[in-house]
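Counting in my numbering, the sequence shown tops out at residue 875, every number present. From the three backbone atoms N, C-alpha and C, an ideal C-beta is built for every residue, glycine too.
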Amino acid sequence: MNVVVVESPAKAKTINKYLGSGYKVLASFGHVRDLPAKDGSVLPDQDFEMLWEVDGASAKRLKDIADAVKSSDGLFLATDPDREGEAISWHVLDMLNKKRVLNGKTVKRVVFNAITKKAVLDAMADPRDIDVPLVDAYLARRALDYLVGFNLSPVLWRKLPGARSAGRVQSVALRLVCDRESEIERFISEEYWNLSALLKTPRGDEFEAKLVAANGKRLQPRSIANGEEAGTLKALLEGATYVVDTVEAKPVKRNPGPPFTTSTLQQAASSKLGFSASRTMQIAQKLYEGVDIGGETVGLITYMRTDGVQMAPEAIDAARKAIVDQFGQRYMPEKARFYSTKAKNAQEAHEAIRPTDFNRSPDLVRQFLDADQLRLYDLIWKRGIASQMASAEIERTTAEITADNKGEKAGLRAVGSVIRFDGFIAAYTDQKEDGEQSDDGDEDGRLPEINARENLAKQKINSTQHFTEPPPRYSEASLIKKMEELGIGRPSTYAATLATLRDREYVTIDKRKLIPQAKGRLVTAFLESFFTKYVEYDFTADLEEKLDRISAGELNWKQVLRDFWKDFFSQIEDTKELRVTNVLDSLNEALAPLVFPKREDGGDPRICQVCGTGNLSLKLGKYGAFVGCSNYPECNYTRQLSSEGGSEAEGVALNEPKNLGVDPVTGEELTLRSGRFGPYIQRGDGKEAKRSSLPKGWKPEDIDYEKAMALISLPRDIGKHPETGKMISSGIGRYGPFLLHDGGYANLESVEDVFSIGLNRAVTVIAEKANKAPGGRGRTAAAALKELGEHPDGGAITVRDGKYGPYVNWGKVNATLPKGSDPQALTVEEALVLIATKAGKAPASKSKAKPKAKAAAAETKTTKTAAKPKTAKAKAPAKTKKSKE
């Protein structure tokens, strides 16, 4: 018997069926160990030794793997085919070596790009060893991200209170968003005019021609700068006669794009389906790991983290055959199409994302997929098969026309296109759905019959005014595209980077656009002023290239770290002498449009509008930055710093609460106020007054009595759960709107749901949350591993798998199983003893926090890596020993 280790349990179940009884497939559930999120996990003074930690759940899974390996003939490490997957295999192998369970057994690494029987069996027949350079690249990347995060973030905390964190890729991505916002603020709109003529042929057909030349000069885009110029040219066209000079019909071929990479899939899913990057990857993961189709679980797409645009030869052959079967012989080009990858490192440029079987069209799998899975699969299937189809043949017709007004002449042009053969466009139901553009970017309609030298009749002259617009804010799709162009980050990092920016409240998303918040702009301005090198695009891209070269075996990973750390540590040390006044002066200048927005009365925005003599400046409080007056405490004018700047009214609002009415139950006044952390509702006065911040998206000017009462009355009872009989309530917390039921939380999609959701929908949301895999943001009970029966006092007893390992659950009592216990072998009698012992230590009258703390402490004892002392030098020898156990 051989042991096979994969990452996910879903994949393990499917692959076990493919391999048969001679193999035992176990899941690692992703990474089995990680760097503890505390200072001292990477030790530069000890040549970047990395101190890994195994949590309770991973320790249990590693034990299961080790026990299976002991009685096996060999070990196959079959984690994902990328750098992270290689690292997981390395971690598992390293831990098994430390446990001394291999004893000379054969250990091989296998990779497959798709979860299909053929792909898996082919991979098992062609094993290899661990790719050491790829692991080195992982270690270097992990160490760099850790060193930047855990050394730069404390600088932010000390010098810029309220800032959450900084990161090697995260901060550069944030800078892109903030730089775009600065461009928008600096943008000055310019006026321009466009002119066109509606003309009629001798046969009575109408078409539109655009003005492109006047008085012997070619007109550039936006060259007609004002209404006076436009009026002069319109007068010329109004009194002119029109003759067709030339008509040219030119055939144009339009080629399909390559199949998807990670970034192009995320971009397409964002623009066409409205999916976030993380949502796209979540759905793609499920399509890759497998879907039950007619009783068989099969992967529908190839691995979804890739820079590559090429397809395997057998996939190209399958695509060409499917093209003939589904579209006809003419749609298959004479030769197969081959695309070159843009990835800088071939080792990480895996096959493109494509269907595992091109004959499995979206219509054939529709009944087995949910709506979002089908939409994403449809996108991938169409792009994949279109990439091997014939070019579209288009006839582009251009008519050049002369307007003559008593010797004054102007040139007009009409352009139209006709698809003579749709080619790859046939793969799409909508001609524009694929997002491809013709070579010159135009999408023109069809022209009527127009002949050279014939006269045309003028129907109407159109003169339209326009204004240039600022560059658009980034969407997730366009930011990913920009990061890819600059060489910042890699496919596996994009979704996580964007999620971090949102979670840190550095950016918000409004109508799919990324808007930098004041906190994010402060962090960016600080880093640009005092850590310029480390947020430069070229520097970050150069470091990414070095990581790629490490994985190609061209650079030593420790030397790359040494070179980086020398300069970075010096820069960190220099900031120790940095005074807060230096920071504020720099930020005042860098963020002047944000800190000192223009005043409506035209006054100096840097002078306090309350006292009239003090100078306004950024101030740093315990929880972040705000604008205050230099005459404090005599003048207590303050203003919250926001992305929209501010107004005089905001400063006064702090000291002048707005009365909204009276709570009919308590008789206390409801007021709208503004504080350091933004606007909020308050009921009553004094320390006992209840307060509630306005949710995101709620503007102070829109708050009335009804909204204030709804907000201050939270949490809202919705109704009792039909199965448990316990109340379901809704509210707004630190992580947004939520449902609460029996101690478990489930996220709601919007703030409005908090006030409107009904009982039936609430029950459904809670059920959906309970069925989700671990890792969601909301807190829900873990899935039951085993049901033991009824407790003598009523209520089910179950065995569950939690963050710190398996435990027994009865109602609100959770009792951890003893170390080494088999949860499947636990009896109801043993469970009753554990529950009674636990309940005796944590009676119901005590707060929930204490039992949780004790449980966490107990679980900590089961972790093999002990907590580290604060000082790196003092802890290093002991920690090193622990990390090798």
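- Message: Could you compute how far the alpha carbon of Phe38 sits from the alpha carbon of Phe140?
- Response: Counting from one through the sequence shown, the residue named residue 38 turns up at place 48. Counting from one through the sequence shown, the residue named residue 140 turns up at place 150. About 14 Å.
- Item | CB-CB length for Trp886 against Asp126, believed under 8 Å | No answer is possible for residue 886: it lies beyond the span of the chain, which begins at -9 and ends at 875.
- Task: If I'm right that Leu662 touches Ile702 with Cβ under 8 Å, what's the distance once you round it to whole angstroms?
- Result: Position 672 of the sequence shown, counted from the start, is the residue given in the question as residue 662. Position 712 of the sequence shown, counted from the start, is the residue given in the question as residue 702. No, Leu662 and Ile702 are not in contact; Cβ-Cβ is about 11 Å, not under 8 Å.
- Proximal residues to Ser837 (C-beta, below 8 Å), its chain only, five neighbours per side dropped: The residue given as residue 837 occupies position 847 in the sequence shown. At Ser837, the pLDDT of 37 sits below 50, so the modelled position is not reliable and the matter cannot be decided from this model.
- Item | Pro460 - DSSP class collapsed to helix/strand/coil | Working through the sequence shown from its first residue, we reach residue 460 at position 470. DSSP places Pro460 in coil when its eight states are reduced to three.
- Bounding residues of the beta strand (DSSP E) (the contiguous stretch that carries Ser878): This structure gives no information on residue 878, because the portion of the chain shown stretches from -9 to 875.
- Task: Provide the residue(s) that pair with Phe728 in DSSP beta bridges, ordered along the chain.
- Result: Residue 728 sits at position 738 when you count from the first residue of the sequence shown. DSSP, once it has assigned bridges, lists Gly721 and Asn737 as partnering Phe728.
- Task: Would you tell me roughly how many angstroms separate the C-alpha atoms of Thr392 and Gly229, rounded to the nearest one?
- Result: Position 402 of the sequence shown, counting from 1, holds the residue named residue 392. Position 239 of the sequence shown, counting from 1, holds the residue named residue 229. One C-alpha to the other measures close to 13 Å.
- Query: With distances taken between CB atoms, is the gap from Phe586 to Leu606 smaller than 9 Å?
  - Reply: Counting from one through the sequence shown, the residue named residue 586 turns up at place 596. Counting from one through the sequence shown, the residue named residue 606 turns up at place 616. Contact flag set, yes.
- Item | Segment contact, 8 Å Cβ cut-off, at least three pairs: the region 132 to 139 with the region 29 to 49 | yes
- Count the other C-beta atoms from every protein chain shown that fall within 10 angstroms of the C-beta of Gln160, then say buried if there are 16 or more, exposed otherwise. Locating residue 160 in the sequence shown gives position 170, where the first residue counts as 1. Flag for Gln160 reads buried.
- Query: Under a Cβ-count criterion, where at least 16 other Cβ atoms within 10 Å of its own Cβ denotes burial, should Glu102 be classed as buried or exposed?
  - Reply: Indexing the sequence shown from 1 puts residue 102 at position 112. It should be noted that the sequence gives Phe, not Glu, for residue 102. Classification for Phe102: buried.
- Task: Tell me where the alpha helix (DSSP H) around Arg492 begins and ends.
- Result: The residue given as residue 492 occupies position 502 in the sequence shown. Tyr484 to Asp493 is the extent of the alpha helix (DSSP H) around Arg492.
- Which word fits Arg569, buried or exposed, when buried means at least 16 other C-beta atoms lie within 10 angstroms of its C-beta? Position 579 of the sequence shown, counted from the start, is the residue given in the question as residue 569. Exposed: under 16 other Cβ atoms inside 10 Å.
- Give the secondary structure of Ile756 by DSSP, where H, G and I count as helix, E and B as strand, and everything else as coil. The count along the sequence shown starts at 1 and reaches residue 756 at position 766. It is helical.
- Message: Can you look up Tyr232 in the DSSP assignment and give me helix, strand or coil?
- Response: If you number the sequence shown from 1, residue 232 lands on position 242. If DSSP states are grouped into helix, strand and coil, Tyr232 belongs with the strands.
- Query: Does the region 20 to 27 come close enough to the region 70 to 86 to have 3 or more Cβ pairs within less than 8 Å?
  - Reply: yes
- For Lys696, write down the residues that DSSP places opposite it in a beta bridge. Here residue 696 is taken as the residue at index 706 of the sequence shown, counted from 1. Note that residue 696 corresponds to Glu in the displayed sequence, not to Lys. In DSSP, Glu696 forms no bridge with anything.
- Assigned secondary structure, Glu433 (DSSP; H/G/I helix, E/B strand, else coil): Walking along the sequence shown from the start, residue 433 turns up at place 443. The pLDDT assigned to Glu433 is 48, lower than 50, so where the model puts this residue is not dependable, and the model offers no usable value.
- What do you get for Met322, buried or exposed, if any count of 16 or more other CB atoms within 10 angstroms of its CB means buried? In the sequence shown, the residue the question calls residue 322 occupies position 332. Buried: at least 16 other Cβ atoms inside 10 Å.
- Per DSSP, what kind of secondary structure is Phe516 in: helix, strand or coil? Start at 1 with the first residue of the sequence shown, and residue 516 comes out as number 526. The answer is helix: DSSP assigns Phe516 an H, G or I state.
- Sufficient close CB pairs (3 or more, under 8 Å) joining the region 234 to 251 to the region 380 to 390: yes
- Count the other CB atoms within 10 Å of the CB of Ser48; is the residue buried (16 or more) or exposed (fewer)? If you number the sequence shown from 1, residue 48 lands on position 58. By the 10 Å Cβ count, Ser48 comes out buried.
- State the start and end residues of the unbroken alpha helix (DSSP H) segment that holds Leu209. As a first step, residue 209 must be located in the sequence shown, where it is residue number 219. Taken as a continuous stretch (DSSP letters only), Leu209 belongs to no alpha helix (DSSP H), as it is neither H nor E.
- Message: Against chain B, with Cβ distances strictly below 9 Å, would Glu696 count as a contact?
- Response: No chain B appears in this structure, which consists of one protein chain only.
- Query: In chain order, what residues of the same chain have a beta carbon less than 6 Å from the beta carbon of Pro506, not counting five sequence neighbours either side?
  - Reply: As a position in the sequence shown, residue 506 is number 516, starting the count at 1. Contacts found: Val167, Cys168, Glu171 and Val497.
- Message: Judging by CA-CA distance, which residue of Leu354, Glu624, Glu74 and Ile415 is the nearest neighbour of Arg282?
- Response: Against the sequence shown, residue 282 aligns to sequence position 292. The sequence given here has Asp at residue 282, not Arg. Closest by alpha carbon: Leu354.
- Query: So, Ala400 versus Leu277, is the Cβ gap smaller than 9 Å?
  - Reply: Residue 400 sits at position 410 when you count from the first residue of the sequence shown. Residue 277 sits at position 287 when you count from the first residue of the sequence shown. Not a contact, by the Cβ cut-off of 9 Å.
- Query: Do Thr270 and Glu341 have their CB atoms nearer than 9 Å?
  - Reply: Translated into positions along the sequence shown, residue 270 becomes position 280. Translated into positions along the sequence shown, residue 341 becomes position 351. No; because the gap between Cβ atoms is not below 9 Å, this pair is not in contact.
- Item | Close-in-space but distant-in-sequence residues of the same chain around Phe529 (CB under 6 Å, 5 per side omitted) | The sequence position of residue 529 within the sequence shown is 539, counting from 1. Within the same chain, Phe529 has close Cβ partners Lys523.
- Classify Ala215 as helix, strand or coil using the three-state DSSP reduction. Counting from one through the sequence shown, the residue named residue 215 turns up at place 225. If DSSP states are grouped into helix, strand and coil, Ala215 belongs with coil.
- Query: Under a three-way DSSP split, which group does Met322 fall into?
  - Reply: To locate residue 322, count along the sequence shown from 1; it is residue 332. It is coil, neither helix nor strand.
- Report the rounded CA-to-CA distance for Ser464 versus Asp54, giving the unit in angstroms. By 1-based counting over the sequence shown, the position of residue 464 is 474. By 1-based counting over the sequence shown, the position of residue 54 is 64. Just to set this straight, residue 464 is Tyr in the shown sequence, not Ser. When rounded, the distance between both Cα atoms is 46 Å.
- Query: Alpha carbon to alpha carbon, how far is Val145 from Thr483?
  - Reply: Counted from its first residue, the sequence shown places residue 145 at position 155. Counted from its first residue, the sequence shown places residue 483 at position 493. Taking the straight line from one Cα to the other gives about 24 Å.
- Message: With distance defined between alpha-carbon atoms, name the residue in Phe177, Lys14 and Glu758 nearest to Pro462.
- Response: Taking the sequence shown and counting its residues from 1, one reaches residue 462 at position 472. The candidate whose alpha carbon is nearest that of Pro462 is Phe177.
- Quick one: residues in its chain with C-beta nearer than 8 Å to the C-beta of Arg365, no 5 flanking neighbours on either side, listed in chain order? Reading the sequence shown from its first residue, position 375 is the one you call residue 365. Counting only Cβ-Cβ distances below 8 Å, and skipping sequence neighbours, we find Leu263.
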